[in-house]
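Using the working numbering, the first residue of the sequence shown is number 3, and each one after it goes up by one.
Where a beta carbon is used, it is the ideal one built from N, C-alpha and C, also for glycine.
Worksheet: one structure, shown below.
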Amino acid sequence: MTPQTFIFAGASGCGKGTQVELLKQYLAKKTPDIEQFCSYTGDGFRALIEGTTVASRRAREIQMAGGLQPEFLAVWLWADLLIKNFNGDEHLFIDGSPRKLGEAIVLDSALEFFKRERIHVIVIEISDEETTRRLLARGRADDTVEAIRKRLGWYRKSVVPAMDYFKMRRGYEFVEINGEQTPEAVHQDILQVLKF
């Protein structure tokens with residue numbers, strides 16, 4: 003198997019992170035000779051928000067207001083990571099990007115630059131009701147019904163068009179997976195679609 007590229011997307015609470023980890027574990031056993039490289043944009047934003055710079059303060063304000071961070075910050079986070087650390091022969095996992103159409107276009111150019119082929123876009127679908135149930139069950143302070151409603155709104159307005167961009171691009175394999183199953187069942191569905 004050649005090194006593969008995976009872009010995971012879905013509304014908050016859909017289980018993207020869990021599915022990334024399950025696929026990483028599966029591929030570690032199936033292709034132990036291929037290393038893995040992961041880009042978690044959410045982790046980058048959390049680290050940025052904890053900082054003391056003007057950018058950190060502004061990003062924190064946007065997060066506290068339940069807003070969507072600007073494309074340039076997201077692009078900077080994952081581009082800096084790739085430029086400094088990616089050697090090109092690993093399986094590449096992207097979780098949390100792109101969140102807007104402009105970012106999708108830049109990510110597309112980055113993947114072309116790194117000569118990545120046969121890119122898998124995996125969208126995990128869950129209903130608004132299931133998203134709300136899962137996020138409220140987490141018990142985080144920022145997971146209020148109003149905040150969740152706002153996140154679902156920007157997901158439809160911004161993330162869905164970004165994913166639709168990949169549907170129209172050559173070299174991308176776009177799949178939608180029912181996320182309202184057990185994590186193991188979702189994982190099996192992903193493996194079946196990927197034909198691994």
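| Query | Result |
| --- | --- |
| Comparing C-alpha positions only, which one of E148, R153, V123, R135 sits nearest to L196? | V123 |
| Between S24 and E127, is the Cβ-Cβ spacing less than 9 Å? | The question names Ser, but residue 24 in the sequence shown is Leu. No, the Cβ-Cβ distance between L24 and E127 is not below 9 Å. |
| Do S99 and L109 come within 9 Å of each other at the CB atom, strictly closer than that value? | yes |
| Between which two residues does the beta strand (DSSP E) carrying Y174 extend? | 174-180 |
| By how many angstroms is the C-alpha of G90 removed from the C-alpha of I121? | 14 Å |
| Alpha carbon to alpha carbon, what distance is there between G181 and G17? | 7 Å |
| Keeping to the same chain, check which residues put their C-beta closer than 8 Å to that of L83; ignore five residues upstream and five downstream. | S41, G46 |
| What is the DSSP secondary structure of D145, counted as helix, strand or coil? | coil |
| Take S14 as the anchor and find which of G173, L193, M170, V147 has the nearest alpha-carbon. | V147 |
| With distance defined between alpha-carbon atoms, name the residue in G69, I192, K152, Q6 nearest to T133. | K152 |
| Quick check: the Cα distance between T43 and G155, rounded to an integer number of angstroms? | 20 Å |
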